[in-house]
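Chemist:
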Amino acid sequence: MNCYHTVLKSTSNCKRMATIPNQRIKQMKDDHLFHIGINVPKDDVSKLFGDVKFVCMGGSAKRMAAYARLMEERLTAEGQEPYNYAQSTDRYVLYKVGQVLFVNHGIGIPSLSTVLQEIGKLLFHAGCSDVTFFRLGTSGGIGLDPGTVIISEKVVNWELQQQWNLPVLGKMVHNPAVPNKEIYSKLKAIADSLSLPNCLGTTMCCDDFYEGQGRLDGPFSSFSDEDRDAYLQHLQDKGVTNMEMESVGFVALCNKMNIPCAVICVTVVDRLKGDQITADHDHILQWEKRPIQIFFEYMKKHHLK
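Per the working numbering: the sequence shown ends with 297, consecutive numbering throughout.
1) Let's see if you can read the secondary structure: which residues bound the beta strand (DSSP E) around residue 88?
2) With DSSP as the reference, identify every bridge partner of residue 37, one or two as the case may be.
3) Helix, strand or coil for residue 72 per DSSP?
4) Thinking C-alpha only, which one of 197, 183 and 172 is nearest residue 156?
5) Just the Cα atoms here: how many angstroms apart are residue 131 and residue 117?
6) Are there three or more Cβ pairs, one per stretch, closer than 8 Å when the stretch 282 to 294 is compared with the stretch 157 to 171?
7) So, with DSSP's three-state summary, where would you put residue 127?
8) For the putative contact between residue 260 and residue 251, defined by C-beta atoms under 8 Å, what is the C-beta separation to the nearest angstrom?
9) Applying the criterion that 16 or more other CB atoms from any shown protein chain within 10 Å of the CB defines a buried residue, is residue 75 buried or exposed?
10) In terms of DSSP beta bridges, what is residue 146 paired with?
11) Less than 8 Å between the CB atoms is what I'm expecting for residue 13 and residue 248, so what's the real figure, rounded?
12) How should residue 161 be labelled, buried or exposed, when 16 other C-beta atoms within 10 angstroms of its C-beta is the threshold for buried?
13) According to DSSP, is residue 274 part of a helix, a strand, or is it coil?
14) Applying the criterion that 16 or more other CB atoms from any shown protein chain within 10 Å of the CB defines a buried residue, is residue 239 buried or exposed?
15) Can you give me the C-alpha to C-alpha distance between residue 83 and residue 53, rounded to a whole angstrom?
16) Buried or exposed: where does residue 273 fall if 16 or more other Cβ atoms within 10 Å of its Cβ makes it buried?
17) Which residues in the same chain as residue 0 place their Cβ atom closer than 7 Å to its Cβ, once the five residues preceding and following it in sequence are excluded?
18) Could you tell me the boundaries of the beta strand (DSSP E) in which residue 246 lies?
19) With distances taken Cα to Cα, identify the nearest neighbour of residue 266 among 188, 145, 138 and 191.
20) Would residue 232 and residue 129 qualify as a contact pair, given that the criterion is a beta-carbon distance under 9 Å?
21) Where does residue 222 land, buried or exposed, given buried means 16+ other C-beta within 10 angstroms?
22) Note the first and the last residue of the continuous alpha helix (DSSP H) segment covering residue 102.
23) Please state whether DSSP places residue 269 in a helix, a strand or coil.
24) What would DSSP say about residue 97, mapped onto helix, strand or coil?
25) Using the beta-carbon count (16 or more within 10 Å), is residue 298 buried or exposed?
26) Between residue 126 and residue 37, what straight-line distance do the alpha-carbon atoms span, to the nearest angstrom?
27) If you follow the beta strand (DSSP E) that residue 24 is part of, which residue opens it and which one closes it?
28) Can you check whether the CB of residue 93 is closer than 9 Å to the CB of residue 47?
29) Go ahead and pull the three-state DSSP assignment for residue 287.
30) Rank 102, 199, 228 and 100 by C-alpha distance to the C-alpha of residue 193 and give the top, closest one.
31) Determine the DSSP secondary structure at residue 185, reduced to helix, strand or coil.
32) Figure out for me which residue from 101, 217, 184 and 7 has the closest Cα to the Cα of residue 158.
This is the structure in structure tokens:
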């Protein structure tokens, strides 16, 4: 049996215990996870979250609530309204349905990194093992029809490097961002079996929605139409399939915590044809369900309780 590497010792049955590299956390009597409204040890996190096996993250709070309801419907005939454990805050939502957490991360790496690190600490305090993280989101495709599901085999920054660069104490720290090959290969096979339009791709993570992604419909215009078109064509020539704003930070942080992870995004616009998202609301809602469909099938194959 193969075991994933972990910072702490692996148990004899090859469980991957949730861990964090900062050993100071062990010495803290109290840990207030401020942004998700959970206090350790005041809240019995082992009882509440100790059985978690999957964490699904996405930008929109409403979308995560919808995903949690779909999960609830799969597990119970009643389809009860999922409980938001972060309801004392107004930045994030945190639903637990069965052994799955659904968490929104907002837009961009700063928002994502805040909640992802607190979720990592939560799972550590709860004593979780064998946890896998997924980012399920939307993106702008490059040369791909809207509705195409892109399963990231690479995530890159604006320099097309597989790393998240973060200034720490005045120095730049380069954090590798490498998706788990075993997982994304399985996800690709599942997407094929569901007959969903999909591909393995390279996802480019941007720091801005407008100029940073070469959009011409923002309030500022620092480049010509021709320069923008040439840049997008350059990205396509380099193998970039889609653009969004979280993937490289998401994967890098999971790598730092030795948590297997994957990124599944559906495209809502082909950036080679325009900047505006013109599809009607019903189409977008249907496309947004495609990543969670793939996750559900992956989950079923892992015999969740």
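Positions of the beta carbon are idealized from the N, C-alpha and C atoms, including for glycine.
Modeler: So, from the listed chains and residues:
1) 86 to 89
2) Per DSSP, none; premise fails for residue 37.
3) coil
4) 197
5) 33 Å
6) no
7) strand
8) Not quite, the Cβ-Cβ distance comes to about 28 Å (not below 8 Å), so this is no contact.
9) exposed
10) 194
11) 7 Å
12) exposed
13) helix
14) buried
15) 9 Å
16) exposed
17) Confidence at residue 0 is low in this model, with a pLDDT of 31, below 50, so the placement of that residue is unreliable and no value is reported for it.
18) Premise fails: residue 246 lies in the alpha helix (DSSP H), 239 to 248, not in any beta strand (DSSP E).
19) 138
20) no
21) exposed
22) 101 to 118
23) coil
24) coil
25) This structure gives no information on residue 298, because the portion of the chain shown stretches from -7 to 297.
26) 21 Å
27) 23 to 25
28) yes
29) helix
30) 228
31) helix
32) 101
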